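All remarks here apply to the structure that follows.
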Amino acid sequence: MSILDRPSSPDISRPKTSGLEISGGGMTRRQAWGLFWLLAAAVIAWLVFAVWPDWLNAILISKKAFVSAILNGITLAGLYFLVASGFTLIFGLMRNVNLAHGSLYLLGAYIGYEVANRTGYWLLGVAAGFIVLALVGVVMQIFVFRRLEGDDLRQTLVSIGISIVAADLMLAVWAGGTYQIPVPEWLDGALTLPVVTAVRSNGVSVFLTYPLYRVVVLAAAIVIGIGLWLMLHKTRVGMMVRAGVDDRAMLSASGVNVHAVFAIVFAVGAGLAGFAGVVGGSALSVAPGEDVRYLLASLVVVIVGGMGSITGAAIGALLIGLAEQIGLVYFPTYGIVLTFVIMVVVLSVRPQGIMGKAR
Amino acid sequence: MSLTVAVGAAPRQNWLEKLGAGHIILAVALVLYPLVASDFFLTQIGGYSLIFGMLALSLMMLAGYGGMVSLAQITVAGIAAYAIAILGENNSNVLGLGWPWWIAAPFAILAAAVASALIGWISVRTEGIYTIMITLAIATATFYFAQQNYAIFNGHSGYAGIRAPVFWGVNWRDPKAFYYLCLGSAVLSYAGILYGARSTFGMTVQAIRDNPRRMRALGYHVTAHKVFAWFLAGIIAGVAGVLLVWFNGRVSPGTIGVDAAIDVLIIAVIGGLRHPIGPFLGALVVVLMQTFAIDLVGAERFNALIGLVFLVIVFISPDGILGLWGRIRPQLAQESLRSGP
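Quick note, the sequences are listed as chains A and B, same order. Basically the working numbering = 1-based index in the first sequence + 19. Basically the working numbering = 1-based index in the second sequence + 71.
Spelled out as structure tokens, the structure:
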């Protein structure tokens with residue numbers, strides 16, 4: 020559900036067609052779509068679970084490559100969602116395009132690395148990444164963005180300036196090397212999935228194995244996504260945030276301390292970026308330049324998904340993560356074009372993004 | 072906006088008065104500059120400032136007159152630069168069709184302008200702050216694409232060994248010749264923008280910036296005007312890109328990286344987005360800093376310094392150096408009145 024959605028989104032207001040009221044002229048649009056999604060799900064389920072015939076293997080390289088690409092795409096989408104949800108939350112409430120968001124990700128990763136390395140506890144590193152970056156976010160909101168309220172161009176320019184300075188200072192402290200945050204043993208290892216990739220000549224099925232850690236990242240992203248949704252829709256603060264998205268002045272006039280709400284949202288958004296930094300730095304690696312990569316990812320995810328919408332961020336992350344990984348396997352040097360095409364298509368059909376609300 | 076200052080000129084003036092004393096002094100100084108400057112100051116400072124000034128000018132035109140802040144100007148210039156490398160000659164053994172410069176250069180500029188119009192067409196579907204996001208996404212995506220792709224962009228190493236043309240008995244890569252080439256292009260684009268801002272088209276674009284809904288209601292095709300403005304900005308950025316590749320002799324993904332894209336924005340903002348002279352001022356300041364700040368803070372911390380300067384400018388003077396000047400000038404005038412008889 021989007022944090023921008025009012026109760027009467029078009030889908031709900033339309034009269035529901037149950038099986039009983041069969042109209043004379045064949046299927047309704049809703050039924051047709053249902054059938055389409057059912058078919059799509061069946062095809063995907065078959066692609067994942069069946070043993071592939073040779074011609075399909077010939078087209079798609081191999082089943083192992085295909086299913087791995089899909090799984091990698093989905094887990095990468097989890098990471099992208101973590102980064103982009105903070106970005107979209109901050110924009111939705113404050114109209115603040117925080118182009119330093121990638122720097123927050125990278126800083127979180129470095130801090131997580133330092134803490135995890137010195138204490139030996141990975142979970143402590145994750146917590147530190149979230150807490151420190153949440154504090155950084157509050158400081159940024161109070162000392163920088165609050166001073167420029169209502170001037171979104173200058174806020175954006177300032178965030179660019181911050182990202183330049185931050186990138187340079189991080190380079191000064193951690194140099195240009197590549198770090199990998201060590202994953203604890205209980206998360207390391209491989210998971211054997213009930214997916215048969217091939218059948219050996221002696222009749223033994225080969226099952227797909229997949230890193231446990233990536234599955235955990237995906238699970239964490241899903242839990243956090245649900246948590247964010249619950250926070251926005253079931254708590255008092257969430258109610259204030261949603262009200263602020265719709266009409267900031269009115270919320271302020273009804274006695275709510277808007278700046279406190281802004282600070283909370285900024286803390287959550289920046290903290291999530293830091294959290295994602297540690298989690299992503301454990302699965303992949305930490306190096307200068309990652310800030311730009313994740314800034315691009317969050318930009319494209321929220322442009323595609325729609326600014327200010329958590330559901331949109333999830334859909335966008337899924338699309339972009341899948342496109343990136345499938346592109347990597349099937350057309351390696353043109354992979355980025357696929358991401359780009361998705362963005363252009365969405366912009367030309369729905370300029371406000373898939374779940375975005377026209378303003 | 073202070074753009075109206077120039078518009079208010081009375082119609083019955085001869086061309087010298089119309090030009091204004093400031094412009095004439097500036098032009099004379101710029102033309103005579105090679106007499107006093109060393110080769111280093113001619114190209115590394117003069118030529119570079121003019122090239123980056125043109126890039127920032129194309130941004131200033133979109134941002135100042137059209138209200139569309141683009142971060143993809145270096146991408147557009149990069150397309151022209153790559154086109155020169157691909158269509159002309161390079162020594163990277165990839166492509167290099169060997170076209171003569173007088174076909175390759177116009178073609179490269181046209182390619183850049185068309186690419187710019189396409190970027191504009193994509194981004195004008197949304198408004199305001201979205202433009203900056205979409206253009207940044209396009210610039211970053213192009214950078215990664217150029218880095219990954221070997222068939223067209225020759226991947227990470229890019230193209231090297233591109234030579235500036237030699238004609239009329241002049242090697243245009245020589246410091247003096249190259250400086251005058253840059254100066255000529257910069258003056259043409261500057262004058263073009265000054266003229267264009269007062270033309271019907273320029274006025275329409277500015278009106279669309281101020282109130283797109285009203286202009287749409289009056290029957291103007293808002294999207295078409297914006298996209299054409301992008302096309303024109305693309306021509307200027309394309310010329311800058313051609314000059315850049317002739318000067319450097321090489322082009323690589325680093326040329327069109329995110330740092331470079333942001334540098335162009337920094338130059339335009341430091342200089343000021345209200346008058347076409349601003350980008351050139353900003354370029355001069357940034358290039359001077361780039362060249363001499365290294366002695367002060369070392370090459371490594373240069374980005375932090377320029378980032379801080381940028382932050383200070385955005386905080387204290389949103390209109391850049393031009394805005395500072397506009398604020399100081401009235402005070403100076405008062406000072407001189409006070410110290411007078």
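Just so you know, even glycine gets a beta-carbon here, dropped at the ideal spot from N, CA and C. Owing to the predicted nature of the structure, the values given are computational and were not obtained by experimental measurement.
Taking only beta-carbon positions, decide if residue i is within less than 9 Å of chain A.
{"i": "V329/B", "result": "yes"}
{"i": "F363/B", "result": "no"}
{"i": "R372/B", "result": "yes"}
{"i": "T146/B", "result": "no"}
{"i": "Q219/B", "result": "yes"}
{"i": "V140/B", "result": "yes"}
{"i": "A375/B", "result": "yes"}
{"i": "I193/B", "result": "yes"}
{"i": "G397/B", "result": "no"}
Would you mind sorting residue i into buried or exposed? The rule is 16 or more other CB atoms within 10 Å of its CB.
{"i": "W239/B", "result": "exposed"}
{"i": "T326/B", "result": "buried"}
{"i": "K253/A", "result": "exposed"}
{"i": "H278/A", "result": "exposed"}
{"i": "H292/B", "result": "exposed"}
{"i": "P324/B", "result": "buried"}
{"i": "S109/B", "result": "exposed"}
{"i": "Y140/A", "result": "exposed"}
{"i": "I145/B", "result": "buried"}
{"i": "Q371/A", "result": "buried"}
{"i": "V173/B", "result": "Per the sequence shown, the amino acid found at residue 173/B is Trp instead of Val. Flag for W173/B reads exposed."}
{"i": "P72/A", "result": "exposed"}
{"i": "D310/A", "result": "buried"}
{"i": "A316/A", "result": "buried"}
{"i": "R280/B", "result": "buried"}
{"i": "F68/A", "result": "exposed"}
{"i": "S224/A", "result": "exposed"}
Please look up how many angstroms separate the CB atoms of residue i and residue j, rounded, as I've assumed it's under 8 Å.
{"i": "V365/A", "j": "V323/A", "result": "5 Å"}
{"i": "T114/B", "j": "F373/B", "result": "Contact flag wrong, Cβ pair sits at about 20 Å."}
{"i": "A127/B", "j": "P350/B", "result": "3 Å"}
{"i": "A333/B", "j": "L90/B", "result": "Note that residue 333/B is Ile in the sequence shown here, rather than Ala. About 35 Å separates the two Cβ atoms, so there is no contact after all."}
{"i": "D5/A", "j": "A210/B", "result": "No answer is possible for residue 5/A: it lies beyond the span of chain A, which begins at 20 and ends at 378."}
{"i": "A292/A", "j": "Y124/A", "result": "5 Å"}
{"i": "L336/B", "j": "L130/B", "result": "7 Å"}
{"i": "S38/B", "j": "L395/B", "result": "Shown here, chain B extends from 72 to 412; a query on residue 38/B therefore has no answer."}
{"i": "A153/A", "j": "L143/A", "result": "No, A153/A and L143/A are not in contact; Cβ-Cβ is about 15 Å, not under 8 Å."}
{"i": "G375/A", "j": "G325/A", "result": "3 Å"}
Between residue i and chain B, is the shortest Cβ-Cβ distance under 9 Å, so that the two count as touching?
{"i": "M326/A", "result": "yes"}
{"i": "A191/A", "result": "yes"}
{"i": "I41/A", "result": "Bear in mind that the predicted position of I41/A carries a pLDDT of just 46, short of 50, making it unreliable; the figure below should be weighed with that in mind. Closer than 9 Å: no."}
{"i": "T175/A", "result": "yes"}
{"i": "F55/A", "result": "no"}
{"i": "S104/A", "result": "no"}
{"i": "A332/A", "result": "no"}
{"i": "T197/A", "result": "no"}
{"i": "R114/A", "result": "yes"}
{"i": "R267/A", "result": "no"}
{"i": "Q371/A", "result": "yes"}
{"i": "G180/A", "result": "yes"}
{"i": "T352/A", "result": "yes"}
{"i": "L188/A", "result": "yes"}
{"i": "R165/A", "result": "no"}
{"i": "L212/A", "result": "no"}
{"i": "V184/A", "result": "yes"}
{"i": "L249/A", "result": "no"}
Please list, in chain order, the residues of the segment 295-323 of chain A that have any C-beta partner in chain B closer than 7 Å. V311, L315, L318, V319 and I322
Contact between the segment 142-153 of chain B and the segment 167-182 of chain B (3+ Cβ pairs under 8 Å): yes
Using a Cβ cut-off of 9 Å, which residues of the segment 323-351 of chain B contact any Cβ in chain A, in chain order? G328, V329, D330, I333, L336, I337 and V340
Three or more C-beta pairs below 8 Å linking the segment 303-323 of chain B and the segment 192-206 of chain B: no
Could you tell me whether the segment 104-118 of chain A touches the segment 346-364 of chain A, where touching means 3 or more Cβ pairs closer than 8 Å? no
For the pair the segment 114-126 of chain A and the segment 164-183 of chain A, tell me if three or more CB-CB distances fall below 8 Å. yes
Taking a cut of 8 Å between CB atoms, which residues from the segment 197-225 of chain B lie near chain A? T197, G199, I200, Y201, I203, M204, I205, L207, A208, I209, T211, A212, Y215, F216, Q219, N220, Y221 and A222
Are the segment 285-302 of chain A and the segment 129-145 of chain A touching, with three or more C-beta to C-beta distances below 8 Å? yes
The segment 378-392 of chain B: which residues have C-beta closer than 7 Å to a C-beta of chain A, in chain order? G378, L379, F381, L382, V385 and P389
Taking contact to mean at least 3 C-beta pairs separated by less than 8 Å, is the segment 332-345 of chain A in contact with the segment 227-234 of chain A? no
Evaluate the contact criterion for the segment 229-249 of chain B versus the segment 333-346 of chain B: three or more CB pairs, one atom per stretch, below 8 Å. no
Evaluate contact between the segment 237-251 of chain A and the segment 93-103 of chain A, counting only Cβ atoms and requiring at least three cross-stretch pairs below 8 Å. yes
Taking 8 Å as the threshold, find out whether the segment 258-266 of chain A comes into contact with the segment 340-350 of chain A through three or more Cβ pairs. no
Taking a cut of 9 Å between CB atoms, which residues from the segment 354-368 of chain A lie near chain B? G354, I355, V356, T358, F359, M362, V363, L366 and S367
Under 8 Å, with one C-beta from each stretch per pair, do the segment 219-230 of chain B and the segment 156-168 of chain B reach the 3-pair mark? yes
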